[in-house]
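For reference, the structure is listed below as structure tokens.
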Amino acid sequence: MFKKILFPTDFSQCSDNVIPYLKKFKDSGTKEIVVLHVIDLRYTGYVESASWFGEVMPYFKIDLFNTMKEEAEKKLKSIQKKLSPHFKVKVRIEDGVPFKTIIEVAEKERVNLIAIGSHGKSNIEEMLLGSVSEKVIRKSDKPCMVIKR
Ligand SMILES: Nc1ncnc2c1ncn2[C@@H]1O[C@H](COP(=O)(O)OP(=O)(O)OP(=O)(O)O)[C@@H](O)[C@H]1O
Ligand SMILES: [Mg+2]
Numbered sequence: 057m058f059k060k061i062l063f064p065t066d067f068s069q070c071s072d073n074v075i076p077y078l079k080k081f082k083d084s085g086t087k088e089i090v091v092l093h094v095i096d097l098r099y100t101g102y103v104e105s106a107s108w109f110g111e112v113m114p115y116f117k118i119d120l121f122n123t124m125k126e127e128a129e130k131k132l133k134s135i136q137k138k139l140s141p142h143f144k145v146k147v148r149i150e151d152g153v154p155f156k157t158i159i160e161v162a163e164k165e166r167v168n169l170i171a172i173g174s175h176g177k178s179n180i181e182e183m184l185l186g187s188v189s190e191k192v193i194r195k196s197d198k199p200c201m202v203i204k205r
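Sequential numbering of the sequence shown, starting at 57, is according to the numbering used here.
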């Protein structure tokens, strides 16, 4: 039923919780998983410097992106290793606003399901959902599976 699934990850514990559930989809016919990490330079700890320095020195912004990309590539590789015995796995790193990019990639990749963590890196106790998962669920036309923390 869900032949192709998008798994957006911020590499938090909450998003790691999605992985064991993904594996269970093998028996119901899932063939491919797209694992996506979105690098959002505006909301990193480097916010000010990234946007301000980025204006003055565009190379700084590119450099920062490349550093974060290298980190993300390592983490994505380890997720790919866990999933590739079961599925065809495609990894993607994009630069953008996470919720928008997740929705866009889900459309472009024509996935049948988005499997997302209820919370992510912030993991604020009082919040029912993180802001990224909330916006994805609210705005995407795709079915979403939310895995609780
Ligand atoms: N940058 C990202 N790239 C890919 N997926 C992401 C990203 N950020 C969040 N997600 C996905 O959304 C889920 C929920 O994370 P979210 O960011 O909404 O929660 P939070 O970090 O606790 O709250 P907030 O970001 O609003 O402070 C994560 O488990 C992950 O699946
Ligand atoms: Mg977050």
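Just so it is clear, CB atoms sit at the ideal spot from N, CA and C, and this is done for glycine as well.
* Specify, as a first and last residue, the run of the beta strand (DSSP E) that F63 falls within. => On the sequence shown, position 7 is the one that residue 63 refers to. Start and end: K60 to P64.
* **Proximal residues to Q69 (C-beta, below 8 Å), its chain only, five neighbours per side dropped** => Within the sequence shown, the letter at position 13 stands for residue 69. Correct list, in chain order: N179 and R205.
* DSSP state of I35 mapped onto helix, strand, coil -> Residue 35 falls outside the range modelled here, since the chain spans only 57 to 205, and no answer is possible.
* Asked: Quick one: Cα of R98 to Cα of P76, how far?
  -> Taking the sequence shown and counting its residues from 1, one reaches residue 98 at position 42. Taking the sequence shown and counting its residues from 1, one reaches residue 76 at position 20. Answer to the nearest angstrom: the Cα atoms are 31 Å apart.
* Asked: Could you give the residue range of the beta strand (DSSP E) that holds I180?
  -> Residue 180 sits at position 124 when you count from the first residue of the sequence shown. First-last for I180: undefined, no H or E at that position.
* So what's K131 in DSSP terms, helix, strand or just coil? -> Position 75 of the sequence shown holds residue 131. Reduced to three states, the DSSP call for K131 is helix.
* To do: Count the other C-beta atoms from every protein chain shown that fall within 10 angstroms of the C-beta of M124, then say buried if there are 16 or more, exposed otherwise.
  => Walking along the sequence shown from the start, residue 124 turns up at place 68. With 16 or more other Cβ atoms within 10 Å, it is buried.
* **Any heavy atom of ligand 2 within less than 6 Å of residue CB: hits in chain order** => D66, G176, K177, S178, G186 and V188
* Cβ of L211 versus every heavy atom of ligand 1: is any distance shorter than 8 Å? -> The shown model of the chain, from 57 to 205, leaves out residue 211, and the question about it has no answer.
* **Closest Cα partner of K82 within the set G176, P199, I170 and K60** => Position 26 of the sequence shown holds residue 82. Nearest C-alpha to K82: K60.
* Checking contacts by CB at 9 Å: is V74 closer than that to chain D? -> Note that chain D does not occur in the displayed structure, where there is just one protein chain.
* To do: Starting from G173, follow its DSSP beta bridges and name the residues at the other end.
  => Your numbering for residue 173 matches position 117 in the sequence shown. G173 is bridged to I203.
* 8 Å contact criterion, which S174 and S189 should meet: CB distance rounded -> The residue given as residue 174 occupies position 118 in the sequence shown. The residue given as residue 189 occupies position 133 in the sequence shown. Going by Cβ atoms, the distance from S174 to S189 rounds to 6 Å, so yes, they are a contact pair.
* **Nearest-angstrom Cα separation, counted from L62 out to I203** => Taking the first residue of the sequence shown as position 1, residue 203 is located at position 147. Taking the first residue of the sequence shown as position 1, residue 62 is located at position 6. Approximately 13 Å, taken between the alpha carbons.
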